[in-house]
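Asker:
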Amino acid sequence: MLTELLNRPYTPQCPNLFPDESERQVWGTLSCSERWLRAGSEVLHNQNALPELPLSLWLDFTKTGNRNRYEAPYFVRRRTLCALTMAELISGTGSFLPAVADACWTICEESAWQVPAHNLYVRDTPPLSLPDRKRPIVDLFGAETGALIATVYGLLGKKLDAYAPGLCARLKREVEQRILQPYCTEHFWWMGGKGEQCNNWTPWCTQNVLIAAAQLVPAAELPTYIEKAAASLDCFLDEYGEDGCCSEGAQYYRHAALTMYGALELLCAMAPGVFDAVWQEPKIRAMAEYIVKMHVDGKYYLNFSDCSPLAGERGVREYRFGKRVGSTPLMTLAAKDWSEAVKNADPDRLHHPDISEGINLYYHLQTALYEDEVLAYARTAQPQEAQSVWYPSVGILVSRSGAWAAGVKAGCNNDSHNHNDVGSVTLYRDGRPLLVDIGVETYSKKTFSAQRYEIWTMQSSWHNLPEFDPNGKRWQQLPGSQYRATEVQVGSDLHTISMNIAPAYGPVPGLTYYRRTVQLTENGLQMQDVTDYPGEIALTLMSEEKPEANGAVVRFGTLAQMTVEGAGRITTEEIPIHDDRLHLAWQNSLYRTRIWFKKQIDLCICGSDDHRCGADVSANSNSYNAGIR
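Numbering-wise, the sequence shown is residues 352 to 980 according to our numbering.
(1) Going by DSSP, what residues sit across from C596 in a beta bridge?
(2) Secondary structure at Q833, three-state DSSP: helix, strand or coil?
(3) At the level of alpha carbons, what is the spacing between V1002 and D589?
(4) Using three-state DSSP, classify R675 as helix, strand or coil.
(5) Using 8 angstroms for Cβ pairs, my map puts P360 next to A620. What's the rounded Cβ distance?
(6) To the nearest angstrom, report how far apart L408 and M611 are at their CA atoms.
(7) Secondary structure at T683, three-state DSSP: helix, strand or coil?
(8) So for I747, helix, strand or coil by DSSP?
(9) What residue range is occupied by the uninterrupted beta strand (DSSP E) comprising Y865?
(10) Can you tell me the Cβ-Cβ gap for E924 and R943, rounded? I've got them flagged as a contact below 8 angstroms.
(11) Going by DSSP in three states, W755 sits in which element: helix, strand or coil?
(12) Taking only three categories from DSSP, how would you classify C658?
(13) Consult DSSP for A911 and reduce its assignment to one of helix, strand or coil.
(14) Taking all protein chains shown into account, decide if D648 is buried (16 or more other Cβ within 10 angstroms of its Cβ) or exposed.
(15) Which residue from T496, L479, F447 puts its Cα closest to that of E460?
(16) Would you mind listing the beta strand (DSSP E) stretches within the stretch 779-829 that are 3+ residues and don't spill past its ends, in chain order?
(17) Do the stretch 646-666 and the stretch 772-786 touch if we need at least three Cβ pairs shorter than 8 angstroms?
(18) Please look up how many angstroms separate the CB atoms of T985 and I562, rounded, as I've assumed it's under 8 angstroms.
(19) What are the boundary residues of the beta strand (DSSP E) that L890 is part of?
(20) Short check: CB of L845 to CB of V776, under 8 angstroms?
(21) Pull the bridge partners of P927 from the DSSP assignment, please.
(22) Per the contact definition of three or more C-beta pairs closer than 8 angstroms, is the stretch 631-647 in contact with the stretch 724-744?
(23) Which ranges does the alpha helix (DSSP H) cover as unbroken runs of at least 4 residues, wholly within the stretch 544-568, from first to last along the chain?
(24) Just checking, does the stretch 854-871 make contact with the stretch 766-775 on the three C-beta pairs under 8 angstroms criterion?
(25) Under a Cβ-count criterion, where at least 16 other Cβ atoms within 10 Å of its own Cβ denotes burial, should D688 be classed as buried or exposed?
(26) Looking at C-alpha atoms only, which residue of W378, G886, D880, D697 is the closest neighbour of K824?
(27) Beta-carbon within less than 7 angstroms of D585's beta-carbon, same chain only, minus the 5 sequence neighbours each way: which residues are those?
(28) For A450 versus A515, is the C-beta spacing smaller than 8 angstroms?
(29) What first and last residue would you give for the beta strand (DSSP E) that runs through I848?
(30) Could you give the first and the last residue of the continuous beta strand (DSSP E) run that contains D880?
(31) Taking C-alpha atoms, which residue in A463, A498, V473, H469 lies nearest to R329?
(32) Since Y514 is in the alpha helix (DSSP H), which residue starts that stretch and which ends it?
(33) CA-CA distance, A761 and M878?
(34) Any idea which residues DSSP pairs T777 with across the strands?
(35) Closest Cβ-Cβ distance between K950 and chain C: below 8 angstroms?
(36) Would you kindly work out how many angstroms separate the C-alpha atoms of A454 and L432, rounded to a whole number?
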C-alpha cells in the first residue's frame with residue numbers, strides 16, 4: 352500500500368512538528384498549563400525523580416525474571432523528563448531548565464536504552480545478560496527514549512546549549528548512535544520483510560524512530576527513513592485483515608493501529624503529497640474504528656488474549672485519527688472519554704499503575720495543543736449507537752442486543768499475545784462484566800518465553816471453555832495456528848455463532864467434535880455445547896460476581912441468573928487475585944464455576960428477575976459460513 356505510493360518523485364521535508372518554544376502566545380495560553388506546571392513543580396522538588404539504575408537491577412531480571420524492579424525507575428526517569436519539559440515550555444522562565452538538563456544527562460549516561468527483557472538480537476531467544484554499547488538494540492522503549500530526547504532537543508535545544516554548552520551535541524549524538532544509525536544499518540525483526548511475524552512493535556518502534564528523524568536528520572537524508580518505514584508499515588498492514596481487527600486486543604490498539612496512525616502522519620509530513628491517499632483506504636478506517644466496536648460501556652472493553660477489560664481511556668490521538676479518516680464514532684468516543692479524563696487527578700498518566708504510561712513527550716505535546724478542540728467537540732457530540740460486528744480475519748464476533756453485549760472468539764491459538772482461548776465467550780449486562788476473560792498477570796521473563804503456557808491465565812482451563820477428563824489427563828487447548836475453530840457459522844443478524852472447537856485441543860482420545868453454539872437476544876444469552884467425547888467434561892465459567900448454585904440454577908449476585916440443563920454437578924470457588932496488574936481490573940477476587948457434564952449441556956443466562964432466555968440455539972437458521980483467515 353505505502354511503498355506503491357512512493358513510486359513518484361517527491362521532495363522530502365523536515366517538518367515543523369510543534370510551535371517554537373518562543374511562541375508564548377501558544378505555550379503560555381494552553382488550557383492544560385496549570386496541571387503541567389504543577390506536575391513539573393512536583394518532580395522538581397522530588398529527590399527520587401531521577402532514581403538510580405545500578406547494574407544489580409539489570410542483573411536482577413536475569414536472575415529472577417522480575418521486570419518491574421528495573422523498569423519502574425527506568426520509566427520514572429522518562430516521566431520526570433516529560434513533566435519538566437512541559438513545565439518549561441509552558442512557563443518559559445528557565446526555572447525548570449537545569450532539571451531538564453539533569454534528566455537528559457542522566458538518561459544519556461545509561462548503558463542501554465532497551466530494557467533487560469528486550470536485550471536480544473533474535474526474536475524469541477533468551478535475553479543477553481548485559482547490553483553491548485557497540486551494537487545498540489532498538490526496542491520499544493529504546494525507540495521511545497530516542498524520540499523523547501530528540502523532542503527535548505528540538506524544542507529546548509537553544510536554551511539547553513546556552514545553559515550547558517555542548518549538551519545538545521551530546522543529545523543528538525546519543526540518539527544517532529543508539530537509534531538512528533542502527534535503524535539504517537541493522538535489520539531488527541520488528542521491521543518485517545524477512546518472513547518475521549509483525550505485531551505492535553512494528554508501528555510503535557517505527558513511529559518513534561520517525562519522530563527522532565524528523566527533528567535530527569537533514570531533509571536530504573530522510574528518504575532512507577521514509578522508504579524503510581513505509582516498507583515496515585506495509586508488512587504490518589499485510590497481517591491485518593481488511594476488517595481492521597487487532598488480534599492483540601483492545602488494550603494494544605493504542606500501540607498498534609494508533610501508533611500506525613502516528614507514523615503515517617509523520618510520513619505525510621516528511622513526504623508532502625505522497626501518502627495522503629492512505630486516509631481514504633477502507634482498511635485504515637476499519638482499523639481506526641476497531642476500538643469503538645470493542646467498547647462495551649464506560650471503562651469496559653470486550654477482551655481476549657493478554658488484553659485487559661480496562662483498555663484505557665481514549666484521548667486526543669484517537670480523536671485526531673478519527674478526524675483523519677472521517678469517523679464520527681471514533682471522534683465521539685475519544686472526545687467523551689477525554690472530557691471525563693481531564694476531571695481526574697492524573698489525565699496525563701504520570702502516576703498511572705502501568706509504569707510504561709506517560710513517557711512519550713510527543714503524545715503529551717499533541718494532547719496539550721489539541722485538547723481545547725477535543726473538549727469543544729465533546730460538548731456537542733451525540734453518543735453513537737453501538738454496533739454488532741463480525742471480524743473474520745481473527746474470528747471475533749461482537750454481538751449486542753438490548754442490555755447485553757457478548758464477545759466470542761472463533762479463530763486460532765496463534766494470535767499475537769495469544770491465550771489458548773478458542774471458543775471462549777465474554778458477556779456483559781448493562782455495561783457490567785458477567786462472564787469474564789481474566790487477562791494477563793504482570794509481565795515477567797516467563798511471559799514471552801517457551802514456558803508461557805505454564806502461566807495459569809494463558810490456559811484454556813481458566814477461560815470460559817471445557818476441560819476434558821478433568822480428574823485425569825485434564826486435556827487443554829494447545830498453542831499454534833493449527834489449533835483452531837472449524838465449521839464456523841455466524842448468523843446474518845450477528846446474534847448467533849456456531850463452531851467446532853475440538854481441533855483447538857489437539858489429539859484428545861475419543862474426541863472428534865465439540866460444537867458450541869451461542870445466541871444473544873434482548874433477553875440474554877443461550878449456549879449449547881454438544882460433543883462425542885465419551886468421558887466427563889468440566890465446563891469453566893469465570894465471573895466477577897459471586898455465583899451461588901442452587902440445583903440447576905446459578906445466580907450471579909443481582910446481575911443475572913443461569914439455568915443449566917444436562918449438568919451432573921456444579922461447583923464454585925473463589926480465586927484470590929494477588930497480582931498487581933490483574934488487580935487493576937478485578938480488585939480482590941474472581942470466581943470459577945465448574946459444571947460437569949457428558950455429551951451435551953445447555954445454558955440460559957438472563958436477568959436475575961427474568962425467566963426468559965428467548966431463543967433456541969439448536970436452530971441455526973439464517974446463517975452463513977464464516978471465512979476465517
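All residues carry an ideal CB built from backbone N, CA and C; glycine is no exception.
All values reported here derive from a predicted model rather than from experimental measurement.
Answerer: In brief:
(1) BP columns for C596 are empty, so no partner.
(2) strand
(3) Within the shown structure, residues of the chain are numbered from 352 to 980, placing residue 1002 beyond reach of any answer.
(4) helix
(5) Rounded, the Cβ-Cβ distance is 18 angstroms, inconsistent with contact.
(6) 33 angstroms
(7) helix
(8) strand
(9) 865-872
(10) 5 angstroms
(11) strand
(12) coil
(13) strand
(14) exposed
(15) T496
(16) 783-786, 817-819
(17) yes
(18) With the chain represented from 352 up to 980, any question about residue 985 goes unanswered, as that position is not in the structure.
(19) 888-894
(20) no
(21) S940
(22) yes
(23) 552-567
(24) yes
(25) buried
(26) G886
(27) M352, L353, T354
(28) no
(29) 847-851
(30) 875-882
(31) This structure cannot speak to residue 329, because the chain is shown only from 352 to 980.
(32) 491-514
(33) 14 angstroms
(34) G758
(35) No chain C is present in this structure, which holds just one protein chain.
(36) 6 angstroms
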